[in-house]
Structures are given as C-alpha cells and as structure tokens.
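Note sheet for the following structure.
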Amino acid sequence: MSCVIMDNSDIASAVIHYSVDGGTYLTADMSGTGDSTWSGVIPISAGNEVYYYIVATDDGADQAEPKSSSFPYDTDTGQLGFMVTDDLTIGIVQETPWASGISRYHGCEVTLTGIVTGDTAQYNSGYGAYAFQDGAGQWNGLIFDGTDLQLLSRGDEVAVTGTIDDFDAAWHFQNDGNTRLINVSNIDVLSTGNAEPDPSLVSCRDVSQTAGEVESYEGVTVTLNNVTVSSVNPYDWSITDATGSETLIDDDMASMAADNFMSTLEEGQVLESVSGIFNFSFGTYKVQIRDLADLGQTVGIVHDIRINPYAYHLYDNFPNPFNPETQIRFEIGAQENVQILIYDIIGRQVRYLVNEQYSPGFHVVNWDGTNETGQPVSSGMYIYLLKAGDYMADKKMLFVK
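Just so you know, we're using the numbering used here here: the sequence shown kicks off at 268 and counts up by one.
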C-alpha cells in the first residue's frame, strides 16, 4: 500500500500498524519512493479482514523533538481497512466496528449488486438517490446516486459502480455521516421482478438516535409496529412505541399521496405499522417513507382515471436560517420554464439563480449565499421568488454569518 505524506521538513519514518482477522496489531515499515510518496507491504491471504492505520514521524527540525501523527487522526474511533475477497458485498462495505460509522471503503471505487428498494419514484420525490439491498438484515442496505434518466423499479437486481463516500462537499449538511455510493458511472439491470428483501422488524429503541447498533440499519428497509406520533416537527415526525424510545419518520422519499397523508398526522395518532428505508440525513437517523403502503394504508384501484400527481408549490428552504448554503425546494405540475430570483429585503435583485426548463415533479436547487459576481452576501433577510408558467410564489429566508 502507498500514501502521500507531507511536512514542512523531512519525514524520518512511516509505519503501518495493522491487524488481521482481529489479531494483535503488527507493524510494517514504509519507505519513501519520491514525490512525498511512501509505500509498504503487509502479508495478507484470501478471506482476511484487515484494519490498519499509518503513523508518520518528522525529523524534528526547528522544534524541540520529532513529532508523530497518525491517519486516521483518532484511531480509537475509526481506522482504514478492507476484506480480501473477489466477491464484495454491500454488507462488507457497510459493516464497521468503529464508533465513527465511517466505511473502511471510504473513497474506494467499487461495484456492488443488490435488489432495488428505493427506485425512480424515490429519486424523483426530491431525495435524488436510490437504495438497494443484497439481503435482509443489518448492514445489507446502501443508498446510491444516479440520474433521473435511469428508470429503476423496486425488485430490479442491479450492479452499480461508484465511489463509497461518507461525506459530501456539495451536500454536506444533508449527507455527511451517511455511507453512500456516489459518482455512479454505471448501472446494469441484471433482472427484474425480484422479491425485495424482507424488512427488518425493529423497535423505536433499536433505531433511536443513540442506540448501540443504529448504524447497522443505515440503508436497510425496516418496519416498526404499533407506533404513536409523539410530535409533529417542522421537517419530520417523531414516533414512539412500547419501549418508550423515539425515532423519526420523514417524507423526503415519499410519493405525493404518502406526503399528503403525512401532512395530516397529529400528535397522539396511532399507526398500526410504518416501514421505509432507514437513513442518516441532516444530522439525524430516520425512517424514509416511500408510499402509502409504508404507512399501513391501502389504495383502491380505479380504472380509466388519469391523474397528474404533481401540483405547483414553493416549499420552505432548508436549512433556515442558513450558512453557507440552503436548499430551495419546489414542485411543478407540468413542463415549465422555471425562474428563481433572489432579492434583498428592500427589493434589489441579488442573484438570478435559475432560468431553465424543468419537468413535472419535485426539484431542489442550492443557493450558496453569493451574488451574481460570486461574492458572499451580507447577513440578513432575503426573498426567493419562483416563477413557473403562470405560477408565482415567494418566501423569506435568513442568511447568518
């Protein structure tokens, strides 16, 4: 293995500390190969599970003594690692013993195969991602990116190639801490019409924010029975059950019908069951509802009725107040030229953010708090205006520094 090590003076040594199959940590010296690159070799065999970290020490120039640092920085909460296998699975990528929850494959390009549990309907709901599992139970689910041009259905078996990521420079406030497959370069549909993996039956205690194994359900379809709405929050709902613990349900992946139903939920309302894809977003764990069936509701079949499921609506931006960026979320009912403009509180145009065609559905646009010249705006109240065909609406947002 190799890495780049840089310092304001020379590097005196670099050492790999590694453990194979849970054994005692051993060391392997690295050697410099030029251009700040260091490399070393550790002995491995097929089937080995390896965890490791690297410690580098400088030459002590212009300081009292040589100093050492490790990567990762805190080796008690997270380390690098891999499984020696030709059959990489979602479970291998997701499972981690470390408190940070960071995948040992963070930053690695992989190809994984699984059954789609969150499809194009979930992507187009505004969440902008899919989900798949390669089996039932903990660790076996994962969120993956794609495009709205990729038509996937629940039950499709797919092979997806992309990069494992636990952070997101563009959407860090939404996705940091959520292990995902990003920069997807290829999606192959291997078969269709497969049964989805059975959801994991859990309690609110199992998937509460501080539960010991809560990370293991990330990306996995779960079901909770006999729950009560304990609070209606600005962006989600809290539910509780007989354990007395709480967890969250959210509508980021929800169909319009499910979203409408959830908007009527009241504190104290009892639901026989809720199901959905468990994920981590905006700093909290939650169950992402997909459709009415996830809420224990049924829909009758009516023939020869065509319904446009989308309306025209401008939603509250999130987060609000914000710094340095926020999401402007809107929905349109037909193909429209959409314009989004930002004004200051006295009506001066600050940014012409969007002027392009959008298809019917739910959409999200980011504003990074800059004006037309790319300069950061001042703290204060701003107005965002949406124009789509004959529809026009505006809302206020607060930028703080």
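We put the CB at the ideal spot given by N, CA and C, even for glycine.
State the start and end residues of the unbroken beta strand (DSSP E) segment that holds residue i.
i, result
"M529", "Segment M523 to M529 is the alpha helix (DSSP H) holding M529; no beta strand (DSSP E) there."
"G647", "G647 to A655"
"A660", "Y658 to F666"
"W365", "That residue, W365, is in no beta strand (DSSP E); it is neither H nor E in DSSP."
"T284", "Per the sequence shown, residue 284 should be read as His rather than Thr. Where H284 is concerned, the enclosing beta strand (DSSP E) stretches over I278 to V287."
"T304", "T304 to S306"
"A313", "Taken as a continuous stretch (DSSP letters only), A313 belongs to no beta strand (DSSP E), as it is neither H nor E."
"T294", "L293 to D296"
"F338", "S335 to F338"
"V271", "S269 to V271"
Let me know if residue i comes out buried or exposed under the rule of 16 or more other beta-carbons within 10 Å of its beta-carbon.
i, result
"S483", "buried"
"G327", "exposed"
"V427", "buried"
"S370", "buried"
"Q555", "buried"
"G460", "exposed"
"V487", "buried"
"V617", "buried"
"N622", "exposed"
"R615", "exposed"
"D302", "exposed"
"I572", "Since pLDDT at I572 reaches only 37, below the 50 mark, its modelled position is unreliable, and no value is offered."
"K668", "exposed"
"L653", "buried"
"E539", "exposed"
"A281", "buried"
"T356", "buried"
"M273", "exposed"
"N450", "exposed"
Taking the alpha-carbon positions, what's the residue i to residue j distance?
i, j, result
"G511", "T430", "38 Å"
"D433", "V494", "31 Å"
"L418", "L562", "24 Å"
"Y557", "A521", "For the sequence presented, residue 557 should be read as Arg rather than Tyr. Rounded to whole angstroms, R557 to A521 spans 4 Å at the Cα level."
"G636", "A660", "20 Å"
"D517", "S420", "21 Å"
"F547", "A331", "44 Å"
"V569", "N527", "Reliability fails at V569, whose pLDDT of 40 lies under 50, so the model's placement of it is uncertain and no value is given."
"V308", "M268", "6 Å"
"T593", "T300", "44 Å"
"G290", "F349", "15 Å"
"G567", "D354", "At G567 the pLDDT is 45, less than 50, meaning the model places this residue with poor confidence; the figure from the coordinates comes in the next sentence. When rounded, the distance between both Cα atoms is 43 Å."
"D401", "V383", "9 Å"
"Q361", "S470", "21 Å"
"I650", "I609", "6 Å"
"D343", "L620", "44 Å"
"T405", "F666", "The question names Thr, but residue 405 is Gln in the sequence shown. Cα to Cα, Q405 sits roughly 40 Å from F666."
"S646", "A323", "43 Å"
"V541", "L532", "13 Å"
"T380", "S276", "46 Å"
"D657", "Q602", "12 Å"
"L448", "I613", "43 Å"
"G395", "T387", "9 Å"
"Q624", "N604", "4 Å"
"H580", "I599", "7 Å"
"G543", "D296", "47 Å"
"T378", "I311", "22 Å"
"N492", "K553", "15 Å"
"T551", "F545", "11 Å"
"Y502", "V496", "14 Å"
"E631", "I506", "This sequence places Val at residue 631; Glu is not what is there. Cα to Cα, the separation comes out at about 27 Å."
Terminal residues of the continuous alpha helix (DSSP H) containing residue i?
i, result
"G348", "That residue, G348, is in no alpha helix (DSSP H); its beta strand (DSSP E) goes L347 to M350."
"S357", "For clarity, residue 357 is Ile in the given sequence; the question names Ser instead. Residues I357 to Q361."
Between residue i and the ligand ATP, is the CB less than 8 Å from at least one heavy atom?
i, result
"L468", "This structure lacks the ligand ATP, and indeed carries no ligand of any kind."
### Message
Would you call the segment 359-368 in contact with the segment 411-420, where contact means no fewer than 3 C-beta pairs closer than 8 Å?
### Response
no
### Task
Could you pull out every unbroken alpha helix (DSSP H) segment of at least 4 residues lying fully inside the segment 380-468, listed in chain order?
439-442
### Message
I'd like to know if the segment 273-293 and the segment 310-326 are in contact, where contact means that at least 3 CB-CB pairs between them fall below 8 Å.
### Response
yes
### Query
Is the segment 461-468 close to the segment 385-396, with three or more CB pairs under 8 Å?
no
### Task
Kindly provide the ranges of any beta strand (DSSP E) runs that are 3 or more residues long and lie completely inside the segment 499-560, ordered along the chain.
504-507, 513-517, 537-548 and 551-555
### Message
Going residue by residue through the segment 594-635, where are the continuous beta strand (DSSP E) segments of at least 3 residues, counting only ones entirely within it?
### Response
603-611, 616-625 and 628-634
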